[in-house]
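First residue of the sequence shown? That's -8 in the working numbering, and the numbers climb one at a time after it. Glycine included, C-beta positions come from ideal geometry on N, C-alpha and C. Encoded as structure tokens, the structure appears first; notes follow it.
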Amino acid sequence: MASSRWIEINCDMGEGFGRWKMGPDEELMRHVDVANVACGFHAGDPSIMVRTVRLAKQHGIRVGAHPGMPDLIGFGRRRMNIAPDDMFALVLYQVGALAGILAAEGVPLNHVKPHGELYFYVQRDAAILDAVLRAVRVFDVPIYGLPTKQMVEACERIGLKLIPEFYADIDYNEQGELVPVFESVPATPELVSQRIKTFATTGQARTKAGVMVDIPVDKQGFSVCIHSDLPTALDNATAARAAVDEVQKGV
């Protein structure tokens, strides 16, 4: 195993709204390295954003912005057609809001990671990808995402660092692409652990059909994503932490 290998766990957090709570953020903080904080469009509100940043600071967790589609009812997972100029403004607005809260708390902005449908939108639409990357570049931080050919080339062109992600709690298809949450097999802690260990060893993932496929992520350095809104989120994060620690130790 190469000594330079690194693996971290990131988790989407602060995804409630008003009195509505989504995800056991307080407990999850003990098992992750990075928090992606919702910025008010798919979930989150100013007070939740402040509380989540303070919670992450208390636990020494790095914080990134998690901008999404303007779709509270659909949790940012429904398709919408948005003009590139509007998308640039939407991402700039959301990240800027979190950046202000982080500045007030003395916490640096670590990265930006698109949420839900926006994560898929940048993969299929070059103009939207360009708009999102230009907005992220304003803040001079990396973007988390899938290192597809178009994503890698666009980040290099714009001058953004790309942090590659591996997803342990949703499925991949036969092309090595992510399957949306609602189309994936329900995640269990055992499945999460197995997926991380398999990918870290072989660079592959098993599809819903049971086919092993190569995933375009360098297994020598990647961030494992865990969703906080799944019913088994806390158990999944606990299993992911144990699996990552085991892989890192070379067991």
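Label residue i either buried or exposed according to how many other C-beta atoms from any shown protein chain fall within 10 Å of its C-beta, with 16 as the threshold for buried.
{"i": "Ser(-5)", "result": "exposed"}
{"i": "Val202", "result": "exposed"}
{"i": "Asp236", "result": "exposed"}
{"i": "Ala(-7)", "result": "In this predicted model, Ala(-7) has a pLDDT of only 44, less than 50, meaning its place in the structure is not dependable; the value taken from the coordinates is given anyway. It counts as exposed."}
{"i": "Pro15", "result": "exposed"}
{"i": "Lys104", "result": "buried"}
{"i": "Asp77", "result": "exposed"}
{"i": "Met13", "result": "buried"}
{"i": "Met4", "result": "buried"}
{"i": "Ala118", "result": "exposed"}
{"i": "Glu165", "result": "exposed"}
{"i": "Thr192", "result": "exposed"}
So if DSSP puts residue i in a beta bridge, which residue, or which two residues, is it bridged to?
{"i": "Asp205", "result": "Gln195"}
{"i": "Pro15", "result": "Answer is none; Pro15 lacks a bridge partner."}
{"i": "Pro155", "result": "Gly136"}
{"i": "Arg53", "result": "Val25"}
{"i": "Tyr163", "result": "Leu169"}
{"i": "Ile217", "result": "Cys2"}
Would DSSP call residue i helix, strand or coil?
{"i": "Val103", "result": "strand"}
{"i": "Asp36", "result": "coil"}
{"i": "Cys146", "result": "helix"}
{"i": "Leu169", "result": "strand"}
{"i": "Val23", "result": "coil"}
{"i": "Arg(-4)", "result": "coil"}
{"i": "Asn1", "result": "strand"}
{"i": "Ser184", "result": "helix"}
{"i": "Gly241", "result": "coil"}
{"i": "Ala233", "result": "helix"}
{"i": "Arg73", "result": "Going by the sequence as given, residue 73 is Ile instead of Arg. Ile73 falls in the coil class under three-state DSSP."}
{"i": "Gly9", "result": "coil"}
{"i": "Ile64", "result": "coil"}
{"i": "Phe130", "result": "coil"}
{"i": "Val98", "result": "coil"}
{"i": "Gly212", "result": "strand"}
{"i": "Ala90", "result": "helix"}
Taking just the CA atoms, how far does residue j sit from residue i?
{"i": "Asp62", "j": "Ala122", "result": "19 Å"}
{"i": "Arg68", "j": "Gly241", "result": "37 Å"}
{"i": "Leu120", "j": "Pro155", "result": "16 Å"}
{"i": "Val143", "j": "Leu153", "result": "7 Å"}
{"i": "Lys210", "j": "Ala88", "result": "33 Å"}
{"i": "Thr198", "j": "Val170", "result": "9 Å"}
{"i": "Ala29", "j": "Glu17", "result": "15 Å"}
{"i": "Asp226", "j": "Ala234", "result": "12 Å"}
{"i": "Lys43", "j": "His50", "result": "The sequence shown places Thr at residue 43, not Lys. Straight-line Cα distance between these residues: approximately 11 Å."}
{"i": "Leu46", "j": "Met20", "result": "8 Å"}
{"i": "Thr139", "j": "Ala145", "result": "10 Å"}
{"i": "Leu151", "j": "Pro133", "result": "6 Å"}
{"i": "Val176", "j": "Asp162", "result": "7 Å"}
{"i": "Gln239", "j": "Gly35", "result": "33 Å"}
{"i": "Leu93", "j": "Phe190", "result": "34 Å"}
{"i": "Ala90", "j": "Asn101", "result": "10 Å"}
{"i": "Leu81", "j": "Val41", "result": "20 Å"}
{"i": "Cys2", "j": "Ser219", "result": "6 Å"}
{"i": "Arg174", "j": "Gly107", "result": "Note that residue 174 is Glu in the sequence shown here, rather than Arg. Glu174 and Gly107: Cα-Cα distance of roughly 13 Å."}
{"i": "Ala26", "j": "Gly55", "result": "6 Å"}
Assuming the contact rule is C-beta atoms closer than 8 Å, residue i and residue j should be a hit. Round their C-beta distance to whole Å, please.
{"i": "Phe157", "j": "Val215", "result": "5 Å"}
{"i": "Gly160", "j": "Ile206", "result": "Checking the sequence, you will find Asp at residue 160 rather than Gly. About 14 Å; that fails the 8 Å criterion."}
{"i": "Arg232", "j": "Ile0", "result": "6 Å"}
{"i": "Arg115", "j": "Ile149", "result": "Wrong, their Cβ atoms sit about 18 Å apart, outside the cutoff."}
{"i": "Leu109", "j": "Pro75", "result": "Actually they do not touch by this definition, with Cβ atoms about 13 Å apart."}
{"i": "Gln85", "j": "Phe8", "result": "Contact doesn't hold; Cβ gap of about 14 Å is too wide."}
{"i": "Val23", "j": "Ile52", "result": "6 Å"}
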